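Participant: Numbering (the numbering used here), first residue to last: 11 to 438.
We put the beta carbon where it would ideally sit given N, CA and C, even for glycine.
No experiment lies behind these values; they were computed from the predicted model shown.
(1) May I have the straight-line CA-CA distance separating residue 106 from residue 61, to the nearest angstrom?
(2) I'd like to know if the region 44-55 and the region 110-125 are in contact, where contact means that at least 3 CB-CB pairs between them fall below 8 angstroms.
(3) In terms of residue numbering, what span does the beta strand (DSSP E) encompassing residue 331 cover?
(4) For the beta strand (DSSP E) that residue 415 lies in, which residues bound it at each end?
(5) From which residue to which residue does the alpha helix (DSSP H) around residue 56 run?
(6) Measure the C-alpha to C-alpha separation of residue 29 and residue 148 and round it to an integer number of angstroms.
(7) Keeping to the same chain, check which residues put their C-beta closer than 7 angstroms to that of residue 232; ignore five residues upstream and five downstream.
(8) In chain order, which alpha helix (DSSP H) runs of at least 4 residues are fully inside the region 115-186?
(9) Report all residues from its chain with a CB closer than 6 angstroms to the CB of residue 90; omit the five preceding and five following residues, and keep chain order.
(10) I'd like to confirm something about residue 431: is its beta-carbon nearer than 6 angstroms to some heavy atom of the ligand FAD, or not?
(11) Considering residue 82, what are the terminal residues of the beta strand (DSSP E) in which it resides?
(12) Rounded to the nearest angstrom, what separates residue 117 and residue 139 at their Cα positions?
(13) Where does the unbroken beta strand (DSSP E) through residue 105 begin, and where does it stop?
(14) On a Cα-Cα basis, can you pick out the residue from 135, 67, 331, 290 that is closest to residue 311?
(15) Could you tell me which residues DSSP puts in a beta bridge with residue 363?
(16) State yes or no: is the C-beta of residue 157 within less than 7 angstroms of the C-beta of residue 142?
(17) Taking 7 angstroms as the limit between beta carbons, can you name the residues of its chain near residue 5, skipping five residues before and five after?
(18) Would you tell me roughly how many angstroms separate the C-alpha atoms of residue 58 and residue 43, rounded to the nearest one?
(19) Excluding sequence positions up to five away, which residues of its chain have a Cβ less than 8 angstroms from the Cβ of residue 87?
(20) Going along the chain, which residues of its own chain have a beta-carbon closer than 8 angstroms to the beta-carbon of residue 65, five neighbours each way excluded?
(21) Is the beta carbon of residue 203 sitting closer than 7 angstroms to the one on residue 286?
(22) Can you tell me where the alpha helix (DSSP H) holding residue 292 begins and where it ends?
(23) Rank 307, 328, 77 by C-alpha distance to the C-alpha of residue 341 and give the top, closest one.
(24) Using three-state DSSP, classify residue 244 as helix, strand or coil.
(25) Of all the options 431, 171, 245, 236, which has the alpha carbon lying nearest to the alpha carbon of residue 319?
(26) Between 32, 358, 250, 288, which has its C-alpha nearest residue 410's C-alpha?
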C-alpha cells in the first residue's frame, strides 16, 4: 500500500463526511505535545522497533506513530509507509485522539465518519481497517496515536488491543526518557556555564580587587611611616591616588556585588514611572568632578518630561556604567556626550566618546563574562569589564538591546534601546 496523502487529486477534503472536533483541552494538549520537542523532527530509530511491533501484533501491513499537531499530522515513525506529514483535518487520527481507549474501525465503508473519506473510496490503495491507541502525556492528554491500517476489513482480539495499548505506553515512555535526557543535557550546559562564571568571578576578586587594595594599603603604609619626612606635594599626590583608587575600588566592588546578586536571582525587577531627563542629569552630575579632572567636556542632551516605565535602579546602573566607561577611555581634553531620543515606542540613549575606540573583534567580546579582562583607562583607571556585563543583563531584563559602534583611535558610541513601557512580569 502506498497512500498519496498530499496528492490533491486523491485527497479531496470536500468529500470527507465528518471532520473531528478539537479536543476539549486542545490548547493544553498542544502545549504538552510541543513540550516533548519531537513534533516535526526527523524520524528516530528508537521508535521504529515499537511501530514494527504494533504492525506485527495487529497483523497489519501499515503502522504509524502519528503526532497530531494544530494543523498537521507528523508521522514520527512508520512501517509500510513513506510520507512524513499530512493534513490533520479529516484524518482518522484526529478522531482517534478523542477516544479514551483504542479506536477500532473494522470496516471503514460502514462507518459514517469515514465512508466517503478519499482514502476509503479511492479505487486503489484504499483503507478498509484502522485502529489507533492514544499516546497520553503525563497530564493524560493525547499527543497523537500509534495506529495500524489495512486494505481489508479486520477485527482485533482483546489481546491485540491490549498489545497496541502497551506499545502506545512504551512510545510515550521513550518520549519521556528523551525529554529527560534533553533536560539533563541542558542542565549540564547551564552548570558548565555557571562554573565558568564562578571561576571568572573569583578570578576578578583575586586579581582586580586584591590588586586595588594592595595599592591602597601600600601608599597608606608610606604615609603612616614617612609622613613627617615627606614634602607637601608628595603627600598631596599620594592622597589624590588614595582618593581615586578608593572610588575605583568601590565601583568595582559595587559591580561585583551587583553581578553576584543578579546571577543568583536576588535582584528583582521593579518597574516604575520616572522622568528620564531628570534621571540622566542626576547620574551625569556624579561625574562632574572626574570629568573635570581629565579636562573632558561632559555634554548631556536629554529631553525632560519623558515618562519611562522601567526599573529605575537598573536604568541608572546602565547609564552610570556607560558614562564611567566612556570617561575612562577618553583622552584628556576629549568629549563625552549623553543624548536621548524617542523612536516610536522605544527610547534610545547614546553615550558617545572621542576616546581610544576599539576593533570589531574586541567589540564581539565586550559583553561576555568569559572574555572580560582588566584594561587600564587613558589615565591608568582600573576596571574589570563587569560594568558592561551588567548593562547587557539589565537591558535584557527590559526586553531592550545594546549595540556598539567604534573605530580605533576615533572613539565609540554605545546605544541602548528600551521600550517606553516594559512588561511588569520580568523577574525570571
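Facilitator: Short version:
(1) Taking the chain shown and counting its residues from 1, one reaches residue 106 at position 96. Taking the chain shown and counting its residues from 1, one reaches residue 61 at position 51. Roughly 17 angstroms between the two C-alpha positions.
(2) Too few Cβ pairs lie closer than 8 angstroms, so no.
(3) On the chain shown, residue 331 is found 321 positions in, with the first residue counted as 1. Per DSSP, residue 331 belongs to no beta strand (DSSP E); it is in the alpha helix (DSSP H), 322-338.
(4) Within the chain shown, residue 415 is the residue found at index 405, counting from 1. Element bounds for residue 415: 411-417.
(5) Counting from one through the chain shown, the residue named residue 56 turns up at place 46. Unbroken alpha helix (DSSP H) run through residue 56: 55-68.
(6) Residue 29 sits at position 19 when you count from the first residue of the chain shown. Residue 148 sits at position 138 when you count from the first residue of the chain shown. Cα to Cα, the separation comes out at about 27 angstroms.
(7) Position 222 of the chain shown, counting from 1, holds the residue named residue 232. Cβ within range, chain order: 248.
(8) Fully enclosed alpha helix (DSSP H) runs of 4 or longer: 128-131.
(9) Here residue 90 is taken as the residue at index 80 of the chain shown, counted from 1. So the list reads 71, 72, once near-sequence residues are dropped.
(10) The model on display carries no ligand, and the ligand FAD is accordingly not part of it.
(11) Start at 1 with the first residue of the chain shown, and residue 82 comes out as number 72. 82-89 is the extent of the beta strand (DSSP E) around residue 82.
(12) Walking along the chain shown from the start, residue 117 turns up at place 107. Walking along the chain shown from the start, residue 139 turns up at place 129. Per the coordinates, the alpha-carbon of residue 117 lies some 5 angstroms from the alpha-carbon of residue 139.
(13) Translated into the one-based positions of the chain shown, residue 105 becomes position 95. Per DSSP, residue 105 is not a residue of any beta strand (DSSP E); the alpha helix (DSSP H) it occupies stretches across 102-106.
(14) In the chain shown, the residue the question calls residue 311 occupies position 301. Relative to residue 311, the option among 135, 67, 331, 290 whose CA is nearest is 290.
(15) As a working mapping, residue 363 is identified with position 353 in the chain shown. Note: residue 363 is bridge-paired with 346 in the DSSP secondary-structure output.
(16) Your numbering for residue 157 matches position 147 in the chain shown. Your numbering for residue 142 matches position 132 in the chain shown. Remark: C-beta atoms of residue 157 and residue 142 approach each other more closely than 7 angstroms.
(17) Because residue 5 is not part of the residues shown, which for the chain are 11 to 438, the question remains open.
(18) Translated into positions along the chain shown, residue 58 becomes position 48. Translated into positions along the chain shown, residue 43 becomes position 33. Rounded to whole angstroms, the gap between the alpha carbons of residue 58 and residue 43 is 19 angstroms.
(19) Taking the first residue of the chain shown as 1, we reach residue 87 at position 77. Its chain contains 53, 54, 57, 58, 60, 61, 74, 75 as the residues whose beta carbon lies nearer than 8 angstroms to that of residue 87, once the 5 sequence neighbours on both sides are disregarded; these appear in chain order.
(20) Against the chain shown, residue 65 aligns to sequence position 55. So the qualifying residues of the chain are 71, 72, 73, 89, 90, 158.
(21) As a position in the chain shown, residue 203 is number 193, starting the count at 1. As a position in the chain shown, residue 286 is number 276, starting the count at 1. Contact: no.
(22) Reading the chain shown from its first residue, position 282 is the one you call residue 292. Counting along the chain, the unbroken alpha helix (DSSP H) around residue 292 starts and ends at 286-295.
(23) Position 331 of the chain shown holds residue 341. The residue from 307, 328, 77 with its alpha-carbon nearest to that of residue 341 is 307.
(24) Translated into positions along the chain shown, residue 244 becomes position 234. In the structure shown, residue 244 sits in a helix (DSSP, three-state: H, G or I).
(25) Working through the chain shown from its first residue, we reach residue 319 at position 309. Between residue 319 and the set 431, 171, 245, 236, the nearest pair of CA atoms involves 431.
(26) Within the chain shown, residue 410 is the residue found at index 400, counting from 1. Among 32, 358, 250, 288, the Cα nearest to that of residue 410 belongs to 358.
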